[in-house]
Amino acid sequence: MGELQKDVRVVVGHSLPYFTFGVIADIQYADKPDGLSGWRTMRYYQESCSHLCRAIQEWNMEDTRPRFVLQLGDIIDGFNKRGNKSEDSLAKVLAITRTALMPFHHVWGNHELYNFSREYLMKSRLNTTWMEDRRQDKGTSSTEDYYAYHFSPHTNFRFIVVDTYDLSVLGRNRTNDKHLMSEAFLMNGTGYHMMTYNGGLGQEQLAWLNDVLTYSDKSGEKVVIAGHIPVHPKAKRSPCLVWNYQEVLRVLQAHHSVVCYLAGHDHSGGYHQDSYGIHHVTMEGVIESPLGSNAFGTIYAYEEGLFLRGGGRVRDRYLPYRKVDTT
Numbered sequence: 001m002g003e004l005q006k007d008v009r010v011v012v013g014h015s016l017p018y019f020t021f022g023v024i025a026d027i028q029y030a031d032k033p034d035g036l037s038g039w040r041t042m043r044y045y046q047e048s049c050s051h052l053c054r055a056i057q058e059w060n061m062e063d064t065r066p067r068f069v070l071q072l073g074d075i076i077d078g079f080n081k082r083g084n085k086s087e088d089s090l091a092k093v094l095a096i097t098r099t100a101l102m103p104f105h106h107v108w109g110n111h112e113l114y115n116f117s118r119e120y121l122m123k124s125r126l127n128t129t130w131m132e133d134r135r136q137d138k139g140t141s142s143t144e145d146y147y148a149y150h151f152s153p154h155t156n157f158r159f160i161v162v163d164t165y166d167l168s169v170l171g172r173n174r175t176n177d178k179h180l181m182s183e184a185f186l187m188n189g190t191g192y193h194m195m196t197y198n199g200g201l202g203q204e205q206l207a208w209l210n211d212v213l214t215y216s217d218k219s220g221e222k223v224v225i226a227g228h229i230p231v232h233p234k235a236k237r238s239p240c241l242v243w244n245y246q247e248v249l250r251v252l253q254a255h256h257s258v259v260c261y262l263a264g265h266d267h268s269g270g271y272h273q274d275s276y277g278i279h280h281v282t283m284e285g286v287i288e289s290p291l292g293s294n295a296f297g298t299i300y301a302y303e304e305g306l307f308l309r310g311g312g313r314v315r316d317r318y319l320p321y322r323k324v325d326t327t
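Position 12 of the sequence shown, counting from 1, maps to 12 under full-length UniProt numbering, and the rest follow consecutively.
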């Protein structure tokens, strides 16, 4: 990883960060030859585990060791399902994550749901809700109907993992009520992003998210949200966008505590700061990083803002906190 960009060094000066954390997306491991995807982009299946190993080596050697890593989904590729290799491939990647000297928080993407049912995932090591902050009001604890939770690694900071496949035609029995509701939502929806590989947040999860953010507003916290699918149309280049992104944005933009939303899904990456000052960062995908490159980052939390130091295809970014008038 290179040095922080010049403007970041000027702002930070010689101060130490409150804490740091790692971020990585779309590892998509499969034991198959490298090749073109349906998007006509090259996918480097043979390199994905090596890239993950090198990212972990970097994090382990950091002077300020990351408190945790956000794995933003698609940890293995859907190809594994065809050869009944889903469990073996997942075990291989998780064994690599255990070499890290910090815990991984796992987000679920479409490829998790190509490989496994939601019931399986809830019982797997990809369910990291056990690290949820349970010290707050019971009203900020999610239900098992969707995979979402929040945690606080440092005073006045909160991280929220959201389930962007809460509404989805993937991962549930076809007779399941939520599957049927999602199927109807997809069929009746309009827009280039209404695709089966995308999904959305249901009303119950949106209400829960609003409750957590209300708590963070009142507590003077800064919030980072992590989900697999981008929620802003200008933060990606492809149709990779949450079905009901307008509803999600209305919730996020109603709360001054929200600093940024981190996503994967679009392997080319992206960035946009919306009119409310929220940073939307879409991480480049490991799977489309060739030999000699990579795609991961370390984010430093300072008094003035967050600083993303990129590895490989991920560029450095300065993410200043929003200037909020709470008077």
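For every residue, glycine included, the Cβ atom is placed at its ideal position computed from N, Cα and C. Values in this document were obtained by computation on a predicted structure and should not be read as measured data.
My understanding is that A235 touches H280, with C-beta atoms under 8 Å, so please give their C-beta distance in whole angstroms.
-> About 4 Å; that satisfies the 8 Å criterion.
Let me know the secondary structure DSSP gives Y215 once reduced to three states.
-> The answer is helix: DSSP assigns Y215 an H, G or I state.
On the three-pair Cβ rule with 8 Å, is the segment 49-65 touching the segment 254-262?
-> The segment 49-65, when compared against the segment 254-262, does not touch it at the 8 Å Cβ threshold.
CB G191 to CB D166, shorter than 8 Å?
-> The Cβ-Cβ distance between G191 and D166 does not fall below 8 Å.
For Y147, the nearest candidate out of R158, F159, T164 (CA to CA) | If we check each option's Cα against that of Y147, T164 comes out closest.
Give me whichever residues DSSP pairs with C260 in a beta bridge.
-> DSSP output for C260 lists V224, H279 as bridge partner(s).
8 Å contact criterion, which V259 and K218 should meet: CB distance rounded = Not really, about 16 Å apart at Cβ, beyond 8 Å.
Buried or exposed: where does E303 fall if 16 or more other Cβ atoms within 10 Å of its Cβ makes it buried?
-> Result: exposed.
Can you grab the Cα-Cα spacing for the pair S182 / S168, in whole Å?
-> Computed Cα separation, rounded: 5 Å.
With DSSP as the reference, label H179 as helix, strand or coil.
-> Helix, per DSSP.
Taking Cβ to Cβ, would you say M131 is nearer than 8 Å to F151?
-> In this structure, F151 lies closer than 8 Å to M131 by Cβ.
Where M42 falls, given that 16 or more other Cβ within 10 Å makes a residue buried = By the beta-carbon neighbour count (other beta carbons within 10 angstroms, threshold 16), M42 is exposed.
Can you name the residues that DSSP bridges to T20?
-> BP columns for T20 point to Y300.
Do you know offhand how far G269's Cα is from M187's?
-> When rounded, the distance between both Cα atoms is 28 Å.
Roughly how many whole angstroms lie between the Cα atoms of L4 and I27?
-> Reliability fails at L4, whose pLDDT of 48 lies under 50, so the model's placement of it is uncertain and the value that follows must be treated cautiously. Separation of L4 and I27 (C-alpha to C-alpha, rounded to the nearest whole angstrom) is 24 Å.
8 Å Cβ cutoff met for A30 and V286 | Not in contact: A30 and V286 (Cβ atoms no closer than 8 Å).
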